[in-house]
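269 is the number of the first residue of the sequence shown in this note's numbering; add one for each residue after it.
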Amino acid sequence: MGIGRMFPLEAVGNKRQEYPASLGSDVCFCMSGRCAIYACLLDFLPSDSRRVVYAPAYTCETVLASYLKAGYSCRFYDIDPEGLRPRFREEELDEVSLLSLCGYYGVSTYDREFVRRCAERGIVIIHDTTHTPFQPDPAADYIAGSMRKWMGIACGGIAAKRKGHFSISPLPVDPEHLAGRYASLELAGKAQKGDLHASSEASSVFWETELALRKSFDAYGSDEQSRRILEYYPYDDMIARRRANYGLLLGLLGPPTGWAPVFPLLPENATPSHFSLYADDREDLRSFLAQRDVATTVYWPIPPMIGDISSYPGAEWIYNHICSIQIDQRYGAEDMRLLASCLNAYSRI
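Below is the structure:
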């Protein structure tokens, strides 16, 4: 069946898990990650007169849209391509009231001492854990993110307040958007069973609903089925399988030519979201893999609100060279051997 496809809808598990309730003293379930971020901002907004966020220059447009909708202006920190490490600038802290923090593709490489100093200065920290859901920073005031890169779920947003309770309640889930998400999940399930047309239909429905949400998002809540999936999901099994897949793949790869893994070593506490790599000629590599039934994804296009991306040369380089491949819990050793053989074949060209 190849590698790279949408998740079908998950079944509700049999055992309630500590996660995500363990994220904070108050946890809200939201329709999406951007809805979760916006819910956190609405809680904090009345006490923030400055409203300036220090955000990564390598990020998703929808993340920045949450801050702009809440009335924030943005200052950006660059990202080093080596290990996707933030290049924080201490001198920026006099101008900001909020730090937007994140890891990438399951790995966190940011300077934790810098984050601690931000907290000591009274700068509020929102940790976007969409890429690193199991590594919340202890200094963060809020945790926000989406689990839709990790499992098949209609509403994957989670917002957590570490101390105290949210002053706002999420809005009811948008019924039209929810219906679109369930329709795309159903089509993804048919595609997994061999329906040749369902895969493209699932993608079409997904993006139709996704683009509609981008125009009208708010602090929308979740539906009950999504909440139960999140509360009962077997996270330990997911973590073990993803780590095993990543480790096996690394062990099967020869010396790369024309590309390189973003993380050639997987840290002990990391749970990979993807196998991400840098390619000298990204479109050539993506085409080569697609011909061998391996799909890749590029996260992300450059958000227009960043302005002159050349001011952030590390992030600019990342945007132009990175792509990602699924290695999640749906795949096993045979899939990793297939992927390794494709990447090794490209290296031999």
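We put the CB at the ideal spot given by N, CA and C, even for glycine.
From a predicted model like this one, the values you see are computed outputs, not experimental measurements.
Exercise for review: Could you pull out every residue in the same chain whose Cβ sits closer than 7 Å to the Cβ of Cys342, ignoring the five residues on either side in sequence?
Suggested key: Looking up residue 342 in the sequence shown gives position 74. Counting only Cβ-Cβ distances below 7 Å, and skipping sequence neighbours, we find Val321, Ala323, Leu332, Tyr335, Met573.
Exercise for review: Starting from Ser368, trace the alpha helix (DSSP H) both ways and give me its first and last residue.
Suggested key: Here residue 368 corresponds to residue number 100 of the sequence shown, with the count starting at 1. That residue, Ser368, is in no alpha helix (DSSP H); its beta strand (DSSP E) goes 366 to 370.
Review point. Counting pairs of Cβ atoms below 8 Å between the stretch 297 to 306 and the stretch 433 to 445, do you hit three or more?
Key: yes
Exercise for review: Taking Tyr546 and Asp346 to be in contact with their CB atoms under 8 Å, please state how far apart those CB atoms are, rounded to whole angstroms.
Suggested key: Locating residue 546 in the sequence shown gives position 278, counting from the first residue. Locating residue 346 in the sequence shown gives position 78, counting from the first residue. 16 Å between Cβ atoms; not a contact.
Exercise for review: Tell me whether Arg284 counts as near the ligand PLP, meaning its Cβ is closer than 6 Å to at least one heavy atom of that ligand.
Suggested key: As for the ligand PLP, it is missing from this structure, which has no ligand bound.
Exercise for review: Note the first and the last residue of the continuous alpha helix (DSSP H) segment covering Ala412.
Suggested key: Mapped onto the sequence shown, residue 412 falls at position 144. Ala412 -> not in any alpha helix (DSSP H); beta strand (DSSP E) instead, spanning 410 to 414.
Check your understanding: What's the gap between the Cα of Ser541 and the Cα of Ser435?
Key -> Within the sequence shown, residue 541 is the residue found at index 273, counting from 1. Within the sequence shown, residue 435 is the residue found at index 167, counting from 1. The alpha-carbon atoms of Ser541 and Ser435 are separated by roughly 32 Å.
Point to revise | Residue burial classification, His465 (beta-carbon count within 10 angstroms, cutoff 16) | key: The residue given as residue 465 occupies position 197 in the sequence shown. Exposed, by the Cβ-count rule.
Check your understanding: When the distance is taken between beta carbons, is Gly292 closer than 7 Å to Arg496?
Key -> By 1-based counting over the sequence shown, the position of residue 496 is 228. By 1-based counting over the sequence shown, the position of residue 292 is 24. Going by C-beta atoms, Arg496 is not nearer than 7 Å to Gly292.
Check your understanding: Who does Gly425 pair with in a DSSP beta bridge?
Key -> Position 157 of the sequence shown holds residue 425. DSSP, once it has assigned bridges, lists Cys298, Ser414 as partnering Gly425.
Check your understanding: Is Leu533 buried or exposed, if buried means 16 or more other CB atoms sit within 10 Å of its CB?
Key -> In the sequence shown, residue 533 corresponds to position 265, counting from 1. It counts as exposed.
Practice item. Count the other C-beta atoms from every protein chain shown that fall within 10 angstroms of the C-beta of His433, then say buried if there are 16 or more, exposed otherwise. Key: By 1-based counting over the sequence shown, the position of residue 433 is 165. Classification for His433: exposed.
Review point. Between Leu352 and Val530, which are expected to be in contact by the criterion C-beta below 8 Å, what is the C-beta distance as a whole number of angstroms?
Key: Translated into positions along the sequence shown, residue 352 becomes position 84. Translated into positions along the sequence shown, residue 530 becomes position 262. Confirmed, Cβ separation roughly 6 Å.
Point to revise | Beta-carbon proximity list for Gly371, same chain, < 6 Å, skipping 5 on both sides | key: For this step, residue 371 is matched to residue 103 along the sequence shown. Answer for Gly371: His399, Thr400, listed in chain order.
Review point. If you follow the beta strand (DSSP E) that His399 is part of, which residue opens it and which one closes it?
Key: For this step, residue 399 is matched to residue 131 along the sequence shown. Run containing His399: none; DSSP gives neither H nor E here.
Point to revise | Cβ neighbours of Phe356 in the same chain (closer than 7 Å, five flanking residues each side left out) | key: What you label residue 356 is simply residue 88 of the sequence shown in a count that begins at 1. Contacts found: Tyr345, Asp379, Phe382.
Exercise for review: Give me the Cα-Cα distance between Arg318 and Ala459, rounded to the nearest whole angstrom.
Suggested key: Position 50 of the sequence shown, counting from 1, holds the residue named residue 318. Position 191 of the sequence shown, counting from 1, holds the residue named residue 459. Cα-Cα distance, rounded: 49 Å.
Check your understanding: Who are the near neighbours of Pro502 in its chain, counting only those whose CB is closer than 8 Å to its CB and skipping five residues on each side?
Key -> To locate residue 502, count along the sequence shown from 1; it is residue 234. Excluding positions up to five away in sequence, the list reads Gly281, Lys283, Gln285.
**Study point:** Through-space distance from Ile421 to Pro571, alpha-carbon basis
**Key:** As a position in the sequence shown, residue 571 is number 303, starting the count at 1. As a position in the sequence shown, residue 421 is number 153, starting the count at 1. Looking at the two C-alpha atoms, the distance is approximately 26 Å.
Practice item. Give a yes or no on whether the C-beta atoms belonging to Leu455 and Glu469 are separated by under 7 Å. Key: For this step, residue 455 is matched to residue 187 along the sequence shown. For this step, residue 469 is matched to residue 201 along the sequence shown. Going by C-beta atoms, Leu455 is nearer than 7 Å to Glu469.
Point to revise | Contacts around Ala601, its chain only, beta-carbon distance under 7 Å, and the 5 residues preceding and following it disregarded | key: Reading the sequence shown from its first residue, position 333 is the one you call residue 601. Leu516, listed in sequence order.
Exercise for review: Use the C-beta contact count for Asn513: other C-beta atoms within 10 angstroms, 16 or more gives buried, fewer gives exposed.
Suggested key: Translated into positions along the sequence shown, residue 513 becomes position 245. Buried is the call here.
Exercise for review: Count the other C-beta atoms from every protein chain shown that fall within 10 angstroms of the C-beta of Pro276, then say buried if there are 16 or more, exposed otherwise.
Suggested key: The count along the sequence shown starts at 1 and reaches residue 276 at position 8. Label assigned to Pro276: buried.
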